[in-house]
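Down below is the structure, laid out as structure tokens.
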Amino acid sequence: MADLSWLTTQLDELKAKGLYNEIRVIESPMAGRIQIAGQEKLNFCANNYLGLADDPRLKHAAHAAIERYGIGPGAVRSIAGTNQLHTQLEQDLAQFKGAPACLTLQSGFAANLAVIPALVGVEDVIFSDELNHASIIDGCRLSRAKVVRYAHNDIGDLQAKIQETTGYQRRLIISDGVFSMDGDIAPLDKLCEVAEEHNILLMVDDAHGEGVLGTGGRGIVDHFGLHGRVDVEVGTLSKAFGVVGGLVAGKQVLIDWLRQRARPFLFSSAMTVPDVAACIEAVHILNHSDELVARLWQNARLMRTGLSSLGFDTGNSQTPIIPIMLGEAALAQAFARRLMTLGLFAMPIAYPTVPLGKARIRVMNSAAHTTQDLEEALSIFAQVGNEMGILPATTNH
Ligand SMILES: *Cc1c(COP(=O)(O)O)cnc(C)c1O
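Offset between the sequence shown (1-based) and this note's numbering: plus 260.
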């Protein structure tokens with residue numbers, strides 16, 4: 261066997277720099293409170309925006325589907341045929357989002373790897389927001405198209421980059437819908453105007469907006485009222501939908517093309533039966549009630565006002581993703597450790613995920629939290645903020 265001691269060296273280096281990621285083991289369902297190492301913790305880490313990860317209706321739907329269809333898909337859909345649950349979910353999602361057609365993939369990550377290389381290649385150019393998600397970056401690389409990064413949410417810079425980039429065939433603008441580290445929203449209406457003005461394809465990855473933004477969680481295209489004007493909508497079923505899976509929505513011809521050409525669709529098996537059945541139930545729930553989405557936003561508002569009235573800097577957040585800006589990585593790590601000791605699980609985020617000096621605690625809100633959870637959380641944040649000298653001294657008696 262080959263010598264892998266260089267990996268040990270690399271890992272030791274990460275540990276020395278405080279960049280080694282220790283993954284917590286959870287001994288309970290994913291919910292507003294979870295159990296870690298035998299102890300209950302308030303959970304502000306998950307993307308389980310609507311609390312659907314442990315919803316009894318989704319669990320029931322998954323059980324029933326397993327009884328009828330079993331578990332695994334058997335092979336890729338293009339070879340072994342496709343279970344009718346997959347086509348039903350795709351129809352339901354298209355209808356929910358007000359899009360002509362939809363294709364599901366194994367994950368949001370796979371959806372980006374599926375769609376980008378199917379649309380552009382070596383002779384083409386992609387204009388990509390500098391803060392786009394890793395799966396978009398990888399999808400762009402796989403396509404072998406030229407990638408031109410524009411400054412985050414900066415329409416002026418995008419316009420300038422488009423003007424100075426000539427000689428390519430097809431062109432594609434790609435942006436995250438909601439940016440996962442700051443919780444700010446892409447100006448999709450303006451991106452749409454630019455795309456239309458220059459006749460460029462437009463793609464948005466709405467992973468953190470799916471089930472969160474728009475009427476009853478219909479996503480960023482609904483939020484801005486841009487139905488029929490965004491060529492490609494990518495989304496995930498792994499966040500607000502509480503399950504796992506990815507989706508692409510757009511014109512029927514786009515979806516037909518992906519079924520012929522998208523490699524993660526052609527060469528990797530589909531979402532499992534219980535996943536698909538649970539997602540169908542999630543869409544059904546959102547079609548019938550906006551209660552969970554309303555509770556999510558109410559909780560996020562309570563948390564944001566609570567944190568900023570304590571004196572924390574919550575950055576540019578416009579969504580249920582709320583950063584507590586702390587500055588140095590070591591401070592963010594110490595802050596998170598102290599939160600954990602006091603019974604609250606929240607992630608410290610530092611360079612290279614965010615720029616140097618912009619380390620933070622990322623507070624992920626969810627409809628799964630009760631008002632009591634939030635009040636308890638705020639008092640823990642206040643205590644740690646005071647102890648560590650981050651908050652104005654006045655609140656400390
Ligand atoms: C989370 C995320 C993904 C990945 O989604 P999965 O379904 O977990 O693979 C893709 N794009 C963006 C913008 C995300 O935030």
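Glycine included, C-beta positions come from ideal geometry on N, C-alpha and C.
Using the beta-carbon count (16 or more within 10 Å), is Lys275 buried or exposed? Counted from its first residue, the sequence shown places residue 275 at position 15. Per the 10 Å Cβ criterion, exposed.
Restricting to Cα atoms, I'd like to know which of Arg555, Tyr611 and Arg620 is closest to Arg585. Taking the sequence shown and counting its residues from 1, the one referred to as residue 585 is at position 325. Correcting the residue identity first, residue 585 is Met in this sequence and not Arg. For Met585, the closest of Arg555, Tyr611 and Arg620 by C-alpha to C-alpha distance is Arg620.
Could you round the C-beta distance between Leu353 and Cys362 to whole angstroms and report it? I think they count as a contact, below 8 Å. The count along the sequence shown starts at 1 and reaches residue 353 at position 93. The count along the sequence shown starts at 1 and reaches residue 362 at position 102. Sure, about 4 Å apart at Cβ, within 8 Å.
Which residue spans inside the stretch 626-657 form an unbroken alpha helix (DSSP H) run of at least 4? Within the stretch 626-657, the runs of alpha helix (DSSP H) at least 4 residues long that lie entirely inside it are, in chain order, 631-647.
What residue range is occupied by the uninterrupted beta strand (DSSP E) comprising Thr496? Within the sequence shown, the letter at position 236 stands for residue 496. For Thr496, the uninterrupted beta strand (DSSP E) segment begins and ends at Val492 to Thr496.
Test item: CB-CB of Ala335 and Ser528 under 8 Å: Here residue 335 refers to the residue found at position 75 of the sequence shown. Here residue 528 refers to the residue found at position 268 of the sequence shown. Not closer than 8 Å, so no.
4-residue-minimum alpha helix (DSSP H) runs that sit fully inside the stretch 277-336, ordered along the chain: Every alpha helix (DSSP H) stretch that sits fully inside the stretch 277-336 and reaches 4 residues is listed by chain position as 316-329.
Does ligand 1 have even one heavy atom less than 7 Å from the beta-carbon of Ala467? One-based indexing of the sequence shown puts residue 467 at position 207. Of the heavy atoms belonging to ligand 1, at least one sits nearer than 7 Å to the Cβ of Ala467.
So, is Pro615 buried or exposed, given that buried needs 16 or more other C-beta atoms within 10 angstroms? Against the sequence shown, residue 615 aligns to sequence position 355. Classification of Pro615: exposed, given that the 10 Å Cβ count is below 16.
For Ser367, name the three-state secondary structure that DSSP assigns. Mapped onto the sequence shown, residue 367 falls at position 107. Three-state result, Ser367: coil.
Contact set for Arg293: own chain, Cβ-Cβ below 8 Å, skip 5 residues either direction: Taking the first residue of the sequence shown as position 1, residue 293 is located at position 33. For Arg293, where only same-chain residues beyond five positions count, the Cβ hits under 8 Å are Glu300, Lys301, Leu302, Asn303 and Asp633.
Identify, in the order they occur along the chain, each residue of the same chain with its Cβ nearer than 7 Å to the Cβ of Asn547, setting aside the five sequence neighbours on each side. The residue you call residue 547 lines up with position 287 of the sequence shown. Closer than 7 Å at the Cβ level, and outside the excluded window around Asn547, lie Phe356.
Quickly, what does DSSP pair Pro583 with across the bridge? List them, please. By one-based count along the sequence shown, residue 583 stands at place 323. Pro583 is bridged to Arg622.
Return the Cβ separation of Ala411 and Glu424 in integer angstroms, given the expectation that the two are a contact with Cβ distance under 8 Å. Stepping through the sequence shown from its first residue, residue 411 is reached at position 151. Stepping through the sequence shown from its first residue, residue 424 is reached at position 164. Their Cβ separation, rounded to whole angstroms, is 14 Å, which puts Ala411 and Glu424 out of contact at 8 Å.
Starting from the N-terminal side, write out each stretch of the alpha helix (DSSP H) that is 4 residues or longer and does not extend beyond the stretch 509-588. Here the runs fully enclosed are 512-521, 523-526, 533-548 and 551-570.
Using DSSP with H/G/I as helix, E/B as strand and the rest coil, what is Lys499? As a position in the sequence shown, residue 499 is number 239, starting the count at 1. Of the three classes helix, strand and coil, the one that applies to Lys499 here is coil, per DSSP.
Is there at least one non-hydrogen atom of ligand 1 closer than 7 Å to the beta-carbon of Gly368? Counting from 1 along the sequence shown, the entry for residue 368 is found at position 108. For Gly368, the Cβ falls inside the 7 Å cut-off from some heavy atom of ligand 1.
Give me the Cβ distance between Ile386 and Val407, rounded to the nearest whole Å; I'm assuming they're in contact under 8 Å. Start at 1 with the first residue of the sequence shown, and residue 386 comes out as number 126. Start at 1 with the first residue of the sequence shown, and residue 407 comes out as number 147. Ile386 to Val407, Cβ: 5 Å. Contact.
Have a look at the DSSP bridge pairing and note the partners of Ser435. Taking the first residue of the sequence shown as 1, we reach residue 435 at position 175. By DSSP's assignment, Ser435 forms a beta bridge with Val464.
Please state the DSSP three-state secondary structure of Phe224. Summary: the structure shown does not reach residue 224, with the chain confined to residues 261 through 657, and so no result is reported for it.
List the endpoints of the continuous alpha helix (DSSP H) containing Asp449. Here residue 449 refers to the residue found at position 189 when the sequence shown is read from its first residue. Leu448 to His458 is the span of the alpha helix (DSSP H), which, as asked, contains Asp449.
Mark Asp263 as exposed unless 16 or more other C-beta atoms lie within 10 angstroms of its C-beta, in which case mark it buried. Indexing the sequence shown from 1 puts residue 263 at position 3. By the neighbour-count rule (16 or more Cβ atoms within 10 Å), Asp263 is not buried but exposed.
For Gln520, which residues from the same chain have a beta carbon less than 7 Å from its beta carbon, with the 5 sequence-adjacent residues on both sides left out? Position 260 of the sequence shown, counted from the first residue, corresponds to residue 520. Correct list: empty, nothing qualifies.
Whole angstroms are fine: how far does the CA of Glu350 sit from the CA of Gln512? On the sequence shown, residue 512 is found 252 positions in, with the first residue counted as 1. On the sequence shown, residue 350 is found 90 positions in, with the first residue counted as 1. Going from the Cα of Gln512 to the Cα of Glu350 covers about 12 Å.
Note down the Cα distance separating Ile480 from Gly341, rounded to an integer number of angstroms. The sequence position of residue 480 within the sequence shown is 220, counting from 1. The sequence position of residue 341 within the sequence shown is 81, counting from 1. Answer to the nearest angstrom: the Cα atoms are 32 Å apart.
Determine the direct distance from the alpha carbon of Leu526 to that of Arg337, and round the result to whole angstroms. Numbered from 1 along the sequence shown, position 77 holds the residue referred to as residue 337. Numbered from 1 along the sequence shown, position 266 holds the residue referred to as residue 526. Those two C-alpha atoms are separated by around 7 Å.
Taking 7 Å as the cut-off, is the CB of His629 close to at least one heavy atom of ligand 1? Numbered from its first residue, the sequence shown carries residue 629 at position 369. Not a single heavy atom of ligand 1 lies less than 7 Å from the C-beta of His629.
Bridge partner(s) assigned by DSSP for Cys362: Translated into positions along the sequence shown, residue 362 becomes position 102. Per the DSSP secondary-structure output, Cys362 pairs in a beta bridge with Ala509.
Return the chain-ordered list of same chain residues with a C-beta closer than 6 Å to the C-beta of Phe439, the five sequence neighbours on each side being excluded. The residue given as residue 439 occupies position 179 in the sequence shown. Around Phe439: Leu391.
Which residue from Lys618, Thr565, Phe484 and Ile581 puts its Cα closest to that of Glu588? Working through the sequence shown from its first residue, we reach residue 588 at position 328. Glu588 has its Cα closest to that of Lys618, out of Lys618, Thr565, Phe484 and Ile581.
Ser395 lies in the alpha helix (DSSP H); which residues open and close that run? If you number the sequence shown from 1, residue 395 lands on position 135. In the DSSP annotation of this structure, the continuous segment of the alpha helix (DSSP H) that includes Ser395 starts and ends at Ala394 to Ser403.
Provide the residue span of the beta strand (DSSP E) that contains Ile386, from first to last. As a working note, residue 386 is residue 126 in the sequence shown. Segment Val385 to Asp389, the beta strand (DSSP E) holding Ile386.
Please go through the same chain and pick out, in chain order, the residues whose beta-carbon is closer than 6 Å to the beta-carbon of Val623, but skip the five residues on each side of it. As a first step, residue 623 is located in the sequence shown; it is residue number 363 there, counting from the start. Here the set comprises Phe304, Ile582 and Ala606.
Going by the beta-carbon positions, is the gap between Ala467 and Phe501 smaller than 8 Å? For the purposes of this step, residue 467 is taken as residue 207 along the sequence shown, with counting starting at 1. For the purposes of this step, residue 501 is taken as residue 241 along the sequence shown, with counting starting at 1. Taking 8 Å as the cut-off, the Cβ atoms of Ala467 and Phe501 do not count as close.
Count the other CB atoms, across all protein chains shown, that sit within 10 Å of the CB of Ala420; report buried if there are 16 or more and exposed otherwise. On the sequence shown, position 160 is the one that residue 420 refers to. Using a 10 angstroms sphere on the CB of Ala420, the tally of other CB atoms stays under 16, which defines it as exposed.
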